[in-house]
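Novice: Have a look at the structure that comes next, please.
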Ligand code: AR6
């Protein structure tokens, strides 16, 4: 599914984010920037050791913040490490919105034209998929309506269920 926002595209895909060849991909990180399981684990395995080495120099960061590194042997050029909230810690939606917006701003700062996001916080961190879709998609839509050099924002969803949820939420948000 793809929608046009001011001549820029917001796209939903089902797949493995480490296979994406957008200018950058976003990692669902933790404050210590230690590449653990889920998306981070896949990035570590496929990208090689340099990404963790770069992360070690930038850690720690706060929930809602984002930093950028190279991408080792991945197809993409950069990895943006964004820290989403853990379910139950409070102000989860605001923090997830910040993590999303800070990733988009960082991509712009580096003049990147395309970015792929996973559904941040919905794995190990336990945040519900439908709420994640609402927060991340509305933040991305709002951002694309403003001044940005980004031409393509992709949400790369792992599995049928999350893809379906994001599709439903995006249809709702864009039919208003
Ligand atoms: N491509 C796209 N999406 C994926 C992939 C993949 N290769 N692998 C998993 N997902 P998670 P979090 C989905 O756990 O909840 C790590 O230990 C997954 O199904 O990666 O923010 C980090 O080091 C889920 O829907 O991120 C942190 O400590 C979504 O991506 C912590 O987990 C996010 O799952 C971050 O937890």
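Numbering (our numbering), first residue to last: 2 to 177. We put the beta carbon where it would ideally sit given N, CA and C, even for glycine. Everything numeric in this text was worked out from a predicted model, so none of it was measured.
(1) For residue 82 and residue 50, what's the separation of their Cα atoms in angstroms?
(2) Starting from residue 70, trace the alpha helix (DSSP H) both ways and give me its first and last residue.
(3) Out of 70, 161, 28 and 106, point me to the one whose CA is closest to residue 178's CA.
(4) Does the Cβ of residue 50 lie closer than 7 Å to at least one heavy atom of the ligand AR6?
(5) Could you work out which residue in 10, 170 and 26 is closest to residue 145 when comparing CA atoms only?
(6) Determine the direct distance from the alpha carbon of residue 22 to that of residue 78, and round the result to whole angstroms.
(7) Could you spell out where the alpha helix (DSSP H) holding residue 99 opens and where it closes?
(8) Is DSSP giving residue 30 helix, strand or coil here?
(9) Within 10 Å of its beta-carbon, does residue 59 have 16 or more other beta-carbons around it, so buried, or fewer, so exposed?
(10) Would you mind giving the Cβ-Cβ distance between residue 114 and residue 170, rounded to the nearest angstrom? I have them listed as a contact below 8 Å.
Specialist: On the basis of the data shown:
(1) As a working mapping, residue 82 is identified with position 81 in the chain shown. As a working mapping, residue 50 is identified with position 49 in the chain shown. Roughly 15 Å between the two C-alpha positions.
(2) Looking up residue 70 in the chain shown gives position 69. Counting along the chain, no alpha helix (DSSP H) covers residue 70; the unbroken beta strand (DSSP E) around it starts and ends at 67 to 71.
(3) Limits of the chain in this structure are 2 at one end and 177 at the other, which puts residue 178 out of reach.
(4) By one-based count along the chain shown, residue 50 stands at place 49. No, since every heavy atom of the ligand AR6 falls outside the 7 Å radius drawn around the Cβ of residue 50.
(5) Residue mapping note: residue 145 aligns to position 144 of the chain shown, counting from 1. Here the closest residue by C-alpha is 10.
(6) Here residue 78 refers to the residue found at position 77 of the chain shown. Here residue 22 refers to the residue found at position 21 of the chain shown. When rounded, the distance between both Cα atoms is 8 Å.
(7) Here residue 99 is taken as the residue at index 98 of the chain shown, counted from 1. Membership of residue 99 in the alpha helix (DSSP H) is indicated by the continuous run 93 to 110.
(8) In the chain shown, the residue the question calls residue 30 occupies position 29. Correct three-state label for residue 30: strand.
(9) As a first step, residue 59 is located in the chain shown; it is residue number 58 there, counting from the start. Flag for residue 59 reads exposed.
(10) Taking the chain shown and counting its residues from 1, the one referred to as residue 114 is at position 113. Taking the chain shown and counting its residues from 1, the one referred to as residue 170 is at position 169. Taking the Cβ atoms as the reference, residue 114 lies roughly 25 Å from residue 170, outside the contact range of under 8 Å.
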